[in-house]
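Step one of this worksheet: look at the structure below.
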Amino acid sequence: MKAATLRTALPAFALALLLATVFWKQPRAMSYFGVNLLLNLAIPIIFATLAQMMILAVGDLDLSIGPFISLVATIGATLLAQQPLLGVAALLAAVAVYALAGAVVEWRRLPSIVVTLGLSFVWLGAAVLLLPTPGGTAPEWLSEPMAWRAPLVPLPIWVALAAAGAGHLLITRSAFGTLARGMGGNAASVRRAGWSLVRLRAGVYATAGLFGMLAGLLLVAQTTSADANIASRYTLVSIAAVILGGGEFTGGRVSPVGAVLGAMTMTLAASFLTFLRIAPDWQVGMQGLILILVLGLRAAIDRLESRR
Amino acid sequence: MTSPSSSSSASPATARPATAGGAVAGLGRLATRPWVGSWLAALVVFGVTLALGSGRSQGAGLIGAALSFGAFTVLVSLGQMLVITTGPGNADLSIPSTIALSSAVSMIVMDGRDAMIVAGLVAAVAAGAAVGVFNFALIRLLRIPPIIATLAGSLIVMSMAISFGRGLKIKPPPLFSEAVALRVAGIPLLALVALVATLAVAVMLERTLLGRRIAAVGQNERAAALAGVPVERTRLCAYVICAALAGLTGALLAGFSGGNSLDQGEEYLLLTIAVVVIGGTAVGGGRASVPGIWGAALFMFLLVAMLNASGAGPGLRMLCTGLVILAVIVLGGSREER
Numbered sequence: 038m039k040a041a042t043l044r045t046a047l048p049a050f051a052l053a054l055l056l057a058t059v060f061w062k063q064p065r066a067m068s069y070f071g072v073n074l075l076l077n078l079a080i081p082i083i084f085a086t087l088a089q090m091m092i093l094a095v096g097d098l099d100l101s102i103g104p105f106i107s108l109v110a111t112i113g114a115t116l117l118a119q120q121p122l123l124g125v126a127a128l129l130a131a132v133a134v135y136a137l138a139g140a141v142v143e144w145r146r147l148p149s150i151v152v153t154l155g156l157s158f159v160w161l162g163a164a165v166l167l168l169p170t171p172g173g174t175a176p177e178w179l180s181e182p183m184a185w186r187a188p189l190v191p192l193p194i195w196v197a198l199a200a201a202g203a204g205h206l207l208i209t210r211s212a213f214g215t216l217a218r219g220m221g222g223n224a225a226s227v228r229r230a231g232w233s234l235v236r237l238r239a240g241v242y243a244t245a246g247l248f249g250m251l252a253g254l255l256l257v258a259q260t261t262s263a264d265a266n267i268a269s270r271y272t273l274v275s276i277a278a279v280i281l282g283g284g285e286f287t288g289g290r291v292s293p294v295g296a297v298l299g300a301m302t303m304t305l306a307a308s309f310l311t312f313l314r315i316a317p318d319w320q321v322g323m324q325g326l327i328l329i330l331v332l333g334l335r336a337a338i339d340r341l342e343s344r345r
Numbered sequence: 003m004t005s006p007s008s009s010s011s012a013s014p015a016t017a018r019p020a021t022a023g024g025a026v027a028g029l030g031r032l033a034t035r036p037w038v039g040s041w042l043a044a045l046v047v048f049g050v051t052l053a054l055g056s057g058r059s060q061g062a063g064l065i066g067a068a069l070s071f072g073a074f075t076v077l078v079s080l081g082q083m084l085v086i087t088t089g090p091g092n093a094d095l096s097i098p099s100t101i102a103l104s105s106a107v108s109m110i111v112m113d114g115r116d117a118m119i120v121a122g123l124v125a126a127v128a129a130g131a132a133v134g135v136f137n138f139a140l141i142r143l144l145r146i147p148p149i150i151a152t153l154a155g156s157l158i159v160m161s162m163a164i165s166f167g168r169g170l171k172i173k174p175p176p177l178f179s180e181a182v183a184l185r186v187a188g189i190p191l192l193a194l195v196a197l198v199a200t201l202a203v204a205v206m207l208e209r210t211l212l213g214r215r216i217a218a219v220g221q222n223e224r225a226a227a228l229a230g231v232p233v234e235r236t237r238l239c240a241y242v243i244c245a246a247l248a249g250l251t252g253a254l255l256a257g258f259s260g261g262n263s264l265d266q267g268e269e270y271l272l273l274t275i276a277v278v279v280i281g282g283t284a285v286g287g288g289r290a291s292v293p294g295i296w297g298a299a300l301f302m303f304l305l306v307a308m309l310n311a312s313g314a315g316p317g318l319r320m321l322c323t324g325l326v327i328l329a330v331i332v333l334g335g336s337r338e339e340r
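Protein chains in written order, with this note's numbering: chain P, 38 to 345; chain Y, 3 to 340.
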């Protein structure tokens, strides 16, 4: 098999292996209900990963996506339920701030890590201001669809398919996606071709903000209440999922389908460990180990690739 | 992060004023030093905090607290600075886990006995250094980007810390607790320790082969390799020094806060990166700014103190911290250009 094919197949293979082990250990999980339960948590993580993927596509890194999703969730559980118009305005304002951050990164040539680091404090602070203690209630129109019994396969699978399809169309088929990847690969040549890099980076960040908003709304729809730290984990999980799915830190090389698979693998890795009855002390470490194993495999494939 | 062809107007040419007009030129040169901004910011925040407080008598206390807490930040940030200086994409995200592990190790080795203090400190530094070697092995063997490698590694290190120090919060030896709270002529001993470490790192960066190599690798890895610099060994040293400093900080933190705990180092994940960058070190690598570490560490502590003094709640405090960090970075301009 070609190295490139192997590379694309790796995230799917990792996911399949994890699923197979879970089914082997707990055959009852192999049902509509079981799969739904296993992958339910992946729904928000999938969109968090797509958001991170947009940023990685242009060669940046977003350290604020977790707190941003927390903020969206708190808005969803407070403003959106009580004063829908104000809630929508707050969400749009948050996405606009994301776009502004992208523009500033390009305009002042600032490192994205630092800007998003500062932003993460802003998001978290705003979330704590809105919801000092865990609570709030998601509006019914948001939480009810999450209980929908989808035909054929459970809802998380449909969501994953839709997200992968939309992401694929956006990144590989649309002009915007091509430009974004181009900017990640070689910004100078995109500028020379007459595109405004400031506007382009702002657009990429805004798209990431929209994906983040989706993630936050879906998260609060599932949990029906929120907390200012509800998604702080997502920052690191989303980075790991994009890389797991075949993305590169250098920009220009991302795979939406891989990212979605990566997000599902990261979600499953956590519950996988409870199935293996690993001592709770080592569960965190096992998550790290799984990540290292998959990345080690990819390094081996890369080496195979470069030998040709 | 940035495109290689940078054409914005802020150029480093201003760093070398053509007119050597004595003091004026000296001032001009000073103003363009990358660390000046962080010190100015720290001074401003210090002034505002005092103005918000009730009396001038608080000044000495505030400085003392800033020096104590700043010392921890300085110690870990020095290491992070070395790692970041070795080139784009290099950062150590395992610092919180390293601190958790080393604080547990040091307290277990010391076991509350004064005679074992030195052994405990050595064990903490050794545990840190081991994490550094482990991190670098992951980066090198698996060819994973350092951010992901140190992140994945940190999960394993955290698991070790959990299973190692689980359920037991061991008290530090009385002499150790006293030592970390000691003040020499009004200055916290911890600050002096951090100062010694700072001077050592500064001399290392400016005067030793390793220091020059770290800068060279960060400026242009390929050129450095062609010039005969052992790139990978240099990077290994940076990661080991960083983790060893985090290990030392873990032991000191445990002594300072009356025992080890798992979340002791949590805040240092983002704080060290913020301090290094605000201090004027180039994020893309190749240029470290040692004095800026102190300025930025004091700034970050005083900023929180200022917001506390103004009666802000936790939410508002975080919001303002974020906005101020962003303002400092945006106004400080693009430092990455070379």
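Just so it is clear, CB atoms sit at the ideal spot from N, CA and C, and this is done for glycine as well. Since we're looking at a predicted model, the values are computed, not measured.
request  = Hey, could you find the ends of the alpha helix (DSSP H) Y/V158 is sitting in?
outcome  = In the second sequence, the residue the question calls residue 158 of chain Y occupies position 156. It should be pointed out that residue 158 of chain Y corresponds to Ile in this sequence rather than to Val. Per DSSP, Y/I158 belongs to the alpha helix (DSSP H) from 148 to 166.
Residue from P/L298, P/A268, P/P182, P/F105 with nearest C-alpha to P/L56 = As a working mapping, residue 56 of chain P is identified with position 19 in the first sequence. Considering only alpha carbons, the answer is P/L298.
query = Run through DSSP, which three-state label would Y/A229 get?
reply = Working through the second sequence from its first residue, we reach residue 229 of chain Y at position 227. The answer is coil: DSSP assigns Y/A229 none of H, G, I, E or B.
ask   = Considering only the beta carbon of each residue, do P/A245 and P/I82 sit closer than 8 Å?
value = Residue numbering aside, residue 245 of chain P sits at position 208 when the first sequence is read from its first letter. Residue numbering aside, residue 82 of chain P sits at position 45 when the first sequence is read from its first letter. Not in contact: P/A245 and P/I82 (Cβ atoms no closer than 8 Å).
request  = Return yes when the C-beta of Y/M206 is under 7 Å from any heavy atom of the ligand ZN, and no when it is not.
outcome  = Absent from the structure shown: the ligand ZN. Ligands present: none.
request  = Check whether the stretch 109 to 126 of chain Y touches the stretch 208 to 217 of chain Y, taking contact to mean three or more Cβ pairs, one atom from each stretch, closer than 8 Å.
outcome  = no
message = Helix, strand or coil for P/P188? Go by DSSP, reduced to three states.
response = Position 151 of the first sequence, counting from 1, holds the residue named residue 188 of chain P. Coil.
key: Below-8 Å beta-carbon distance, P/R145 vs any chain Y residue   = Position 108 of the first sequence holds residue 145 of chain P. Judged by the 8 Å Cβ criterion, P/R145 is in contact with chain Y.
request  = Anything in chain Y within Cβ reach of P/Q119, meaning under 9 Å, just list it in chain order.
outcome  = Counted from its first residue, the first sequence places residue 119 of chain P at position 82. Neighbours of P/Q119 on chain Y: none; closest Cβ ~18 Å, over 9 Å.
request  = List the DSSP bridge partners of Y/P190.
outcome  = Here residue 190 of chain Y refers to the residue found at position 188 of the second sequence. Paired residues: Y/R185.
request  = List the residues of chain Y that P/F60 touches, going by C-beta distances under 9 Å, in chain order.
outcome  = Within the first sequence, numbered from 1, the residue matching residue 60 of chain P stands at position 23. Simply none; closest approach about 25 Å.
inquiry  = Any beta carbon of chain Y sitting closer than 8 Å to that of P/I82?
reply    = One-based indexing of the first sequence puts residue 82 of chain P at position 45. It does not; no Cβ of chain Y falls within 8 Å.
task = Grab me the residues of Y/G167's own chain with a C-beta within less than 6 Å of its C-beta, minus the 5 sequence neighbours each way, in chain order.
result = Position 165 of the second sequence, counted from the first residue, corresponds to residue 167 of chain Y. So the qualifying residues of the chain are A106, N262.
query = Alpha carbon to alpha carbon, how far is P/T388 from Y/V186?
reply = Residue numbering for chain P in the displayed model covers 38 to 345; residue 388 of chain P lies beyond these limits and cannot be assessed.
inquiry  = I want to see whether chain P comes within less than 8 Å of Y/A276, judged by CB atoms only; does it?
reply    = As a first step, residue 276 of chain Y is located in the second sequence; it is residue number 274 there, counting from the start. Yes, Y/A276 counts as interfacial toward chain P.
key: Best match in P/L168, P/L98, P/L281, P/D339 for proximity to P/L116 [C-alpha to C-alpha]   = Taking the first sequence and counting its residues from 1, one reaches residue 116 of chain P at position 79. Distances from the CA of P/L116 to each of P/L168, P/L98, P/L281, P/D339 were compared; the closest alpha carbon is that of P/L168.
Amino acids of chain P, ordered along the chain, whose beta-carbon sits closer than 7 Å to that of Y/I2 = With chain Y represented from 3 up to 340, any question about residue 2 of chain Y goes unanswered, as that position is not in the structure.
ask   = With burial defined as no fewer than 16 other Cβ atoms inside 10 Å of the residue's Cβ, what is the status of Y/L157: buried or exposed?
value = As a working mapping, residue 157 of chain Y is identified with position 155 in the second sequence. With 16 or more other Cβ atoms within 10 Å, it is buried.
inquiry  = One question on the structure: do Y/A246 and Y/G155 come within less than 8 Å of each other, judged by their Cβ atoms?
reply    = Here residue 246 of chain Y refers to the residue found at position 244 when the second sequence is read from its first residue. Here residue 155 of chain Y refers to the residue found at position 153 when the second sequence is read from its first residue. No, the Cβ-Cβ distance between Y/A246 and Y/G155 is not below 8 Å.
query = Is the Cβ-Cβ distance between Y/L54 and Y/A311 less than 8 Å?
reply = Here residue 54 of chain Y corresponds to residue number 52 of the second sequence, with the count starting at 1. Here residue 311 of chain Y corresponds to residue number 309 of the second sequence, with the count starting at 1. Yes, they are a contact pair.
task = Between the Cα of P/R218 and those of P/R238, P/A126, P/N77, spot the shortest distance and give me the residue it belongs to.
result = For the purposes of this step, residue 218 of chain P is taken as the residue at position 181 of the first sequence. Ranking the options by Cα distance to P/R218, first place goes to P/R238.
key: Opening and closing residue of the alpha helix (DSSP H) in which P/S73 lies   = Here the question's residue 73 of chain P lines up with position 36 in the first sequence. As written in the sequence, residue 73 of chain P is Asn, which differs from the Ser given in the question. Note, P/N73: alpha helix (DSSP H), 69 to 76.
query = Would you say Y/P98 faces chain P, with C-beta separation under 8 Å as the test?
reply = For the purposes of this step, residue 98 of chain Y is taken as the residue at position 96 of the second sequence. Closer than 8 Å: no.
ask   = In chain order, what residues of the same chain have a beta carbon less than 7 Å from the beta carbon of P/R335, not counting five sequence neighbours either side?
value = Residue 335 of chain P sits at position 298 when you count from the first residue of the first sequence. Closer than 7 Å at Cβ, skipping near neighbours: R44, L47.
task = Show which residues of chain Y have a CB atom less than 8 Å away from the CB atom of P/A36.
result = No answer is possible for residue 36 of chain P: it lies beyond the span of chain P, which begins at 38 and ends at 345.
Three-state secondary structure (DSSP) of P/A393 = Beyond the ends of chain P as shown, which are 38 and 345, falls residue 393 of chain P; an answer cannot be given.
request  = With a 10 Å radius around its C-beta and 16 neighbouring C-beta atoms as the bar for buried, classify Y/W296 as buried or exposed.
outcome  = Sequence index remark: in the second sequence, residue 296 of chain Y carries index 294 (1-based). By the 10 Å Cβ count, Y/W296 comes out buried.
request  = Determine, using beta carbons only, whether Y/I146 comes closer than 8 Å to chain P.
outcome  = As a position in the second sequence, residue 146 of chain Y is number 144, starting the count at 1. Closer than 8 Å to some Cβ of chain P, the Cβ of Y/I146 qualifies, so yes.
task = Spell out whether any CB of chain C is found under 8 Å from the CB atom of P/D318.
result = The question asks about chain C, but that chain is absent: this structure's protein chains are P and Y.
query = Taking the runs of the alpha helix (DSSP H) that are 4 residues or longer, which of them lie wholly in the stretch 83 to 117 of chain P?
reply = 102 to 114
query = Would you report the Cα separation of Y/V279 and P/L189, rounded to the nearest angstrom?
reply = Indexing the second sequence from 1 puts residue 279 of chain Y at position 277. Indexing the first sequence from 1 puts residue 189 of chain P at position 152. Straight-line Cα distance between these residues: approximately 52 Å.
query = Cα separation between P/E285 and Y/F178?
reply = For the purposes of this step, residue 285 of chain P is taken as residue 248 along the first sequence, with counting starting at 1. For the purposes of this step, residue 178 of chain Y is taken as residue 176 along the second sequence, with counting starting at 1. C-alpha separation (whole angstroms): 46 Å.
ask   = Which same chain residues, not among the five before or five after Y/S99, have their C-beta less than 7 Å away from its C-beta?
value = Locating residue 99 of chain Y in the second sequence gives position 97, counting from the first residue. Around Y/S99: S156, V159, M160, A163.
ask   = At a Cβ cut of 7 Å, what residues of the stretch 163 to 177 of chain P count as close to chain Y, listed as they run along the chain?
value = A163, V165, L166, P169
ask   = What residues in its chain sit with their C-beta under 6 Å from that of Y/A129, if we drop five residues either side in the sequence?
value = Residue numbering aside, residue 129 of chain Y sits at position 127 when the second sequence is read from its first letter. Result list for Y/A129: L103, S104, V107, G249, in chain order.
query = So with Cβ pairs under 8 Å, would you call Y/M320 a contact of chain P?
reply = Within the second sequence, numbered from 1, the residue matching residue 320 of chain Y stands at position 318. Y/M320 counts as touching chain P.
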